[in-house]
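Just below is one structure, and these are the notes that go with it.
Chains as they are written, first to last, in the working numbering: chain Y, 1 to 407; chain G, 1001 to 1407.
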């Protein structure tokens, strides 16, 4: 039980199985089940081409967010661009899962990730769902986190606890995502569970806050996928409720949301570090902006630039590309006020002041690009707003992985 | 003289030399000189971080567009992020060139391309300008087109002629650009000459029209550079003038502009085909759009997607990535109306109809991705607007080239 608290809260169980959707026979289906009906909230891709499970889950949460029992997930097939048949397959997955769990289909959420444009092999899926709820399933959130991987090289889990009145609340999450990663959201699935008690409305507000500061601040390749989904489920098993009006005997909304944000940032950074072909995490901070939106625009342009990301990969302190990306970001910058540092906040190297290069030690700057994480700080010199986003370097392996994904 | 008509119009001469700005000793400076004062127009980068020569040339054209005598170009150093010293170096380049040509400094335009953030070695530049105007210079537009290359693998020239009243007008251009290529404009320098006679105002209008349909429709990596410049110089040596009111004995504005556009599209496609690490040109047509702006948004998202570009590189008919990019482009698309083809208009393979995959021959589709150029056509099913843009595939060599550009 203890191991699972690192990626699952009390009141939930997780299982995983291999049903053959991944050709290599690896784990490819997962089930997160709640012991009793729980509250839920979800955030979904902003892509106008939405995968069937995204459309389906939005419908479920619109009517049943207060009584969710399970999330069933498959990897290996995104069930995207699959039309009415794709949505029917979602419903069938929910029905089969509900039948095994003894609940209603409307209480089951469905997630898919993998290749776009192919119908699910429902015979395999049916076998998988039977196995997930039978004695042969692998148990634990660790196995579930492995099952939802696609091009990920490692499972991604994170958890935090909060002590309240001698009791403990857990917020625990798992996610997957390595390519097609760009705000807002990514080809990313994340499931966060908590044993706090909270209404769907409160979960929704907390989730939006946390996502804006975590998953919406990672970029691997600038591609926003068709399947992105972030779910938050609250079992209430801790006996502690989250309140936004009265925190006596309960947990204040602000504290719950802050801890949820920590969990989401932890997961989001794991996604960036495990970006396809990536060798290190890159943390980009833009400060001195007129407002947060402009800070985000600049940070996003830098994080998205293939020229910046390849330079980092080559340990090349080619800072001109960072300044250039800031220049085309669309934000109102003043080139003569730019300042740039490489390295951690504790011991950075100052490369640019007032838009002009300083006489910096470029071999030391190159050494900082070899570290993991890489820190880049750009000051626009215009105001007090700031933001931090996460990306990764860009290697030949990204091309290798993505040149041959379906064939 | 004949050879030069393919990349230079009558009334102009071109020379090139190596002054040591490129470490490998290759040609790195070029001079396009007009026999007499000529009309000129220019378009410049939209990046807010503008290189010194961009700022300098905008000043020159604001006051002297009717009496330009020369364009002096260096490669190997972009003279960007170089502050007041950088602008002073531009002025010095213009003064030295003017002294050798016997004109005023205000009649000389300056272009630079290469690494960002380093001051020009003015001793080498001075030697180069002396050589460009002396007996040792290599003559001809072909040599000049080679001198302005950076990571380009081949020089890029294009020309068209128009017959008018038994006389001939030439419109001829040269350009460079392989990385940091994205609308609007690129780390791209292009110089187009014509022996038509035209006012700066007419040249400006024609140039904007042509650029919107050519250089503003190529993308290599989504990075808009600090140095992009497109110049159009008109000598009048043909004796034919361009008129937008009266084409008797002259050339109609529309015909001049259409031919100028052809030359610019020819050059722009050469840039996309020679994109860093590229192995083939990709022509993306989006049609059936509600308006041209939306068509452009969709085409641009597809052209910019690393996932689409790596799939093309791997001959992988992973069309889901194209539909996905359309979905996140920001344009108002209806997923259920999308249709997609690979291959030339004469014999395409139909892959998607009404947003759903057809039972297409995927090995034949893969074979079409091996061809050069690759044609992709997406119909949004919403209206009659359309656009075509050009990009390239995305290979490991792009990463190789850009991981080690300054070091």
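We put the beta carbon where it would ideally sit given N, CA and C, even for glycine.
Exposure label - residue i; buried when at least 16 CB within 10 Å
i: residue 1167 of chain G; result: exposed
i: residue 345 of chain Y; result: exposed
i: residue 153 of chain Y; result: exposed
i: residue 146 of chain Y; result: buried
i: residue 1213 of chain G; result: buried
i: residue 1321 of chain G; result: buried
i: residue 1139 of chain G; result: exposed
i: residue 1363 of chain G; result: exposed
i: residue 1310 of chain G; result: buried
i: residue 185 of chain Y; result: Confidence is the limiting factor: at residue 185 of chain Y the pLDDT is only 35, short of 50, which leaves the residue's position unreliable, though a coordinate-based value still follows. So residue 185 of chain Y ends up on the buried side.
i: residue 1155 of chain G; result: buried
i: residue 89 of chain Y; result: buried
i: residue 1183 of chain G; result: For residue 1183 of chain G, the predicted model reports a pLDDT of 40, less than 50, meaning its position is unreliable; a value from the coordinates is still stated below. It counts as buried.
i: residue 1361 of chain G; result: exposed
CB of residue i within 8 Å of CB of residue j, strictly
i: residue 174 of chain Y; j: residue 206 of chain Y; result: no
i: residue 316 of chain Y; j: residue 1403 of chain G; result: yes
i: residue 203 of chain Y; j: residue 41 of chain Y; result: yes
i: residue 1411 of chain G; j: residue 1029 of chain G; result: Residue numbering for chain G in the displayed model covers 1001 to 1407; residue 1411 of chain G lies beyond these limits and cannot be assessed.
i: residue 113 of chain Y; j: residue 137 of chain Y; result: no
i: residue 110 of chain Y; j: residue 72 of chain Y; result: yes
i: residue 1299 of chain G; j: residue 1392 of chain G; result: no
i: residue 1265 of chain G; j: residue 1284 of chain G; result: no
i: residue 1196 of chain G; j: residue 1125 of chain G; result: no
i: residue 991 of chain G; j: residue 348 of chain Y; result: A question about residue 991 of chain G goes unanswered here, because the residues of chain G that appear run from 1001 up to 1407.
i: residue 254 of chain Y; j: residue 160 of chain Y; result: no
i: residue 11 of chain Y; j: residue 199 of chain Y; result: no
i: residue 151 of chain Y; j: residue 312 of chain Y; result: no
i: residue 1257 of chain G; j: residue 1201 of chain G; result: no
i: residue 329 of chain Y; j: residue 297 of chain Y; result: yes
Where residue i sits in the DSSP three-state scheme
i: residue 1346 of chain G; result: coil
i: residue 1392 of chain G; result: strand
i: residue 296 of chain Y; result: helix
i: residue 1189 of chain G; result: strand
i: residue 1215 of chain G; result: helix
i: residue 1066 of chain G; result: coil
i: residue 204 of chain Y; result: helix
i: residue 266 of chain Y; result: helix
i: residue 357 of chain Y; result: strand
i: residue 1132 of chain G; result: helix
i: residue 1059 of chain G; result: helix
i: residue 380 of chain Y; result: coil
i: residue 1087 of chain G; result: helix
i: residue 1312 of chain G; result: helix
i: residue 372 of chain Y; result: coil
i: residue 1100 of chain G; result: helix
i: residue 287 of chain Y; result: strand
i: residue 1408 of chain G; result: As shown, chain G starts at 1001 and ends at 1407. That puts residue 1408 of chain G outside it, with no answer to give.
i: residue 1127 of chain G; result: helix
i: residue 1336 of chain G; result: helix
Identity of the residue in the options nearest residue i by Cα
i: residue 305 of chain Y; options: Y/323, Y/290, Y/293, Y/289; result: Y/323
i: residue 134 of chain Y; options: Y/100, Y/319, Y/115; result: Y/100
i: residue 1039 of chain G; options: G/1162, G/1094, G/1237; result: G/1237
i: residue 142 of chain Y; options: Y/58, Y/233, Y/8; result: Y/8
i: residue 1295 of chain G; options: G/1397, G/1104, G/1384, G/1058; result: G/1384
i: residue 1396 of chain G; options: G/1025, G/1276, G/1257; result: G/1276
i: residue 37 of chain Y; options: Y/15, Y/19, Y/65, Y/23; result: Y/65
i: residue 1340 of chain G; options: G/1378, G/1334, G/1361; result: G/1378
i: residue 1047 of chain G; options: G/1226, G/1128, G/1327; result: G/1226
i: residue 240 of chain Y; options: Y/209, Y/170, Y/319, Y/333; result: Y/170
i: residue 107 of chain Y; options: Y/367, Y/286, Y/62; result: Y/62
i: residue 1193 of chain G; options: G/1232, G/1201, G/1163, G/1165; result: G/1232
i: residue 1117 of chain G; options: Y/355, Y/188, Y/229; result: Y/355
Presumed contact (8 Å Cβ cut-off) between residue i and residue j, rounded CB distance
i: residue 1217 of chain G; j: residue 1389 of chain G; result: 4 Å
i: residue 31 of chain Y; j: residue 121 of chain Y; result: Actually they do not touch by this definition, with Cβ atoms about 18 Å apart.
i: residue 1369 of chain G; j: residue 1342 of chain G; result: 7 Å
i: residue 374 of chain Y; j: residue 280 of chain Y; result: 6 Å
i: residue 158 of chain Y; j: residue 267 of chain Y; result: 5 Å
i: residue 365 of chain Y; j: residue 351 of chain Y; result: 6 Å
* What residues from the stretch 1300 to 1313 of chain G come within 8 Å of chain B, judged by C-beta to C-beta, listed N to C? -> Given the protein chain composition of this structure (Y and G), no chain B is represented.
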